[in-house]
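Sequence lines, in order, name chains L and R.
With full-length UniProt numbering, letter number 90 in the first sequence gets 90, and the count goes up by one each step, no holes.
With full-length UniProt numbering, letter number 86 in the second sequence gets 86, and the count goes up by one each step, no holes.
The structure appears right after this line, and notes come after that.
Number of protein chains: 2
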Amino acid sequence: PANGHRFMANTCAPYLKENQIVILNPGRTGGALEFYHTLKKQGVEKFPFIAEAQTFIYASRSIGPCHAKIFSIKNSVPLATIPAYWIPGVLKIIKRAFPQFVPGDNIFKTSFNNIGAIFHPALTVLNAAWIEASHGDFEYYIQGASLSVSKVLETMDKERLEVAAALGIKAMSAKNWLYTAYSASGKNLHEAIQANPGYLGIKAPDRLNHRYIDEDVPMSLVPLTSIGDMLKVETPTIKFIINLASIMRGKDFLKEGRTVESLGIQGMSIKDIRMLAVSGEI
Amino acid sequence: PANGHRFMANTCAPYLKENQIVILNPGRTGGALEFYHTLKKQGVEKFPFIAEAQTFIYASRSIGPCHAKIFSIKNSVPLATIPAYWIPGVLKIIKRAFPQFVPGDNIFKTSFNNIGAIFHPALTVLNAAWIEASHGDFEYYIQGASLSVSKVLETMDKERLEVAAALGIKAMSAKNWLYTAYSASGKNLHEAIQANPGYLGIKAPDRLNHRYIDEDVPMSLVPLTSIGDMLKVETPTIKFIINLASIMRGKDFLKEGRTVESLGIQGMSIKDIRMLAVSGEI
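If you want it as structure tokens, here you go:
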């Protein structure tokens, strides 16, 4: 999971060579940037090709230690590299093994379009008691994203789009993503979720100590709010969910998560941040 | 409900006489103060005896328009007046009709010990989807206050106690209240709730537009956070719940709720606020 990206970067730093390719599959929000910045802090001078996938290429579940069951492989997953002009070259090399990857615009597009940030943590913390009482035996999306809960998801989603917009990135709304990925539509997020037959039968996680919180809060929501704070974009609803998750799990996700410091963009101008994504330097 | 106290004060202002008794049953948080301040703003000079009950004297449910079913009458409910030295006199007069009322220390004790502030709104918003999917057909306390949800309640409860302490009031913790009211004990709030047989069989509200949110958020949580802000006591968890409830209900509870302005204590020193409760003037 994305919680391991920083550790892996630190561990691999002495061994990585400049003609190698690192693919974070998926990167969550800010994966490639954090990997890049971690290598830099380790004194690496010649960087490998670092890429992040917008989402995980497999629809799968872990079914035991060292065992995963792959239900299906997604048709098309955007991939971006840092710098962005490496994308075509990297895709060309990996396409024989992973023809599913398609070019993403840049790492901010893959990072901000990480839709799990919206669907995973809030839906889990706002259904905590139901999950704990039933061990997840209910329809996660169809029942869990009720009218009121969907309003909270939609408010968070607006905040995500606003942070992206402040960086000049047009991210896709959760509602539009449902239409693109599943042809599910509706006049608001609640209707679009309810209209998605692909969600039928998907049960909730069976416990709270689950990647939907422990990975997605620090690696997806925390970077969104941290970048928002730096760009003076308010993200109060994303912060509520981070804080509720922290109280429920007895953790300080704001502290262990990805921030503008660990992404290496603290204090940078919007122009410089965009330059970093496009050219790998400023 | 307490949402009506301000309206009732405004409506009754021209007709109230100084030998009459007004009992807010219950006052929620700040009921007597808001009633008093509203009369004052209306130019009233000779005040009736204004009292607030710490909780509602009846265990009851509304079963239709103009119909309520009273399941039982509580044995003992603290009552306080503004000023506090009226408490014995008011109790003496009303004891023939309502022998259940016992002396409360002062209006801040009854206001801060309004335990619904902790149990009602958070438990409802954190179980919103379950309530909407099942129309409240689950055990509200026993299942709804799961381990993770109870941690949120306990964090809010600490904030309530800290705001009270800043005013020099030792409020009762939710855990101790469970012991006092039901002899239910445990090493944390979750255990104490689970140990309370009195909660068995109590179902959740059947919808979100319910007094547990629409009354308790503006009339219990908002005054707690407003007084906290004035006294520089942080109440972040109470604020999350107010904001989640506002998003879910499409309302601005912070704006419609009781604040230090509507309670008439804005900018007052702690000493003056305490004097107001004790002597009715500063």
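Where is the CB? At the ideal position from N, CA and C, for every residue including glycine.
Return helix, strand or coil for residue i, following the three-state DSSP convention.
i	result
threonine 235 of chain R	coil
residue 287 of chain R	Since the first residue shown for chain R is 1 and the last is 282, residue 287 of chain R is missing from the structure and cannot be characterised.
glycine 64 of chain R	strand
isoleucine 94 of chain L	helix
tyrosine 15 of chain R	coil
arginine 35 of chain R	Before going further, note that residue 35 of chain R is phenylalanine rather than arginine in the sequence given. Three-state DSSP puts phenylalanine 35 of chain R in a helix.
isoleucine 73 of chain R	strand
What residue range is occupied by the uninterrupted alpha helix (DSSP H) comprising residue i?
i	result
glutamate 191 of chain L	189-194
threonine 81 of chain R	It is not in any alpha helix (DSSP H) - threonine 81 of chain R instead sits in the beta strand (DSSP E) that spans 77-82.
phenylalanine 253 of chain L	253-256
When the Cα atoms are used, what is the spatial distance from residue i to residue j?
i	j	result
glycine 267 of chain R	arginine 160 of chain R	20 Å
leucine 178 of chain L	arginine 258 of chain L	27 Å
arginine 274 of chain R	alanine 129 of chain L	40 Å
glycine 31 of chain R	leucine 244 of chain R	24 Å
lysine 170 of chain R	asparagine 176 of chain L	52 Å
leucine 79 of chain R	glutamate 256 of chain R	26 Å
isoleucine 202 of chain R	tyrosine 141 of chain R	7 Å
isoleucine 265 of chain L	leucine 231 of chain L	11 Å
proline 223 of chain R	alanine 165 of chain R	15 Å
residue 303 of chain R	leucine 123 of chain R	The structure shown does not extend to residue 303 of chain R, since chain R is modelled only from 1 to 282, so the question has no answer here.
phenylalanine 108 of chain R	isoleucine 238 of chain L	34 Å
glycine 228 of chain L	glutamate 154 of chain L	17 Å
leucine 221 of chain L	phenylalanine 56 of chain R	41 Å
phenylalanine 235 of chain L	lysine 95 of chain R	The sequence given here has threonine at residue 235 of chain L, not phenylalanine. Going from the Cα of threonine 235 of chain L to the Cα of lysine 95 of chain R covers about 53 Å.
methionine 172 of chain R	phenylalanine 119 of chain R	14 Å
isoleucine 213 of chain L	leucine 167 of chain R	37 Å
histidine 5 of chain L	leucine 24 of chain L	8 Å
phenylalanine 101 of chain R	threonine 29 of chain L	57 Å
histidine 37 of chain R	alanine 9 of chain R	9 Å
lysine 17 of chain R	valine 278 of chain R	21 Å
lysine 46 of chain L	isoleucine 241 of chain L	39 Å
methionine 219 of chain R	serine 76 of chain L	51 Å
leucine 276 of chain L	phenylalanine 112 of chain L	16 Å
asparagine 209 of chain R	lysine 41 of chain L	53 Å
glycine 186 of chain R	arginine 249 of chain L	20 Å
alanine 51 of chain L	leucine 263 of chain L	15 Å
isoleucine 63 of chain R	isoleucine 63 of chain L	49 Å
asparagine 196 of chain R	isoleucine 131 of chain R	22 Å
asparagine 188 of chain R	proline 99 of chain R	34 Å
aspartate 105 of chain R	aspartate 252 of chain R	33 Å
glycine 198 of chain R	threonine 110 of chain R	23 Å
histidine 67 of chain L	tryptophan 86 of chain L	33 Å
asparagine 19 of chain R	valine 90 of chain R	10 Å
valine 149 of chain R	aspartate 272 of chain L	43 Å
asparagine 3 of chain R	glutamine 143 of chain L	31 Å
glutamate 215 of chain L	methionine 156 of chain L	18 Å
arginine 61 of chain L	isoleucine 270 of chain R	57 Å
Please report the Cβ distance between residue i and residue j, rounded to the nearest whole angstrom; I am assuming they are in contact, meaning their Cβ atoms lie under 8 Å.
i	j	result
proline 103 of chain R	glycine 280 of chain R	Their Cβ separation, rounded to whole angstroms, is 17 Å, which puts proline 103 of chain R and glycine 280 of chain R out of contact at 8 Å.
valine 44 of chain L	phenylalanine 35 of chain L	With a Cβ gap of about 11 Å, valine 44 of chain L and phenylalanine 35 of chain L do not count as contacting.
residue 312 of chain L	alanine 53 of chain L	The question about residue 312 of chain L has no answer here: the residues shown for chain L are numbered 1 through 282.
residue 286 of chain L	leucine 33 of chain L	Outside the shown range of chain L (1 to 282) lies residue 286 of chain L, about which nothing can therefore be said.
valine 163 of chain L	valine 233 of chain L	5 Å
threonine 81 of chain L	phenylalanine 49 of chain L	6 Å
valine 260 of chain R	proline 121 of chain R	At roughly 20 Å, the Cβ-Cβ gap does not stay under 8 Å, so valine 260 of chain R and proline 121 of chain R are not in contact.
lysine 74 of chain R	isoleucine 247 of chain L	Not a contact, Cβ separation roughly 32 Å.
serine 146 of chain L	alanine 133 of chain R	6 Å
Which residue comes first and which comes last in the beta strand (DSSP E) that contains residue i?
i	result
alanine 51 of chain L	49-53
phenylalanine 101 of chain L	101-103
isoleucine 265 of chain L	Per DSSP, isoleucine 265 of chain L belongs to no beta strand (DSSP E) and is neither H nor E.
isoleucine 23 of chain L	21-24
Is residue i near the ligand SAM, with its Cβ less than 8 Å from a heavy atom?
i	result
glutamine 100 of chain R	Looking for the ligand SAM in the displayed structure turns up nothing, as the structure carries no ligands at all.
So residue i contacts chain A; which residues on that side make the cut at Cβ distance below 7 Å?
i	result
phenylalanine 253 of chain L	In summary, chain A is missing from the structure at hand, where the protein chains are L and R.
*With a floor of 3 residues, list each beta strand (DSSP E) that falls wholly inside the UniProt domain "Opine dehydrogenase" (105-248) of chain R, ordered by position along the chain.*
none
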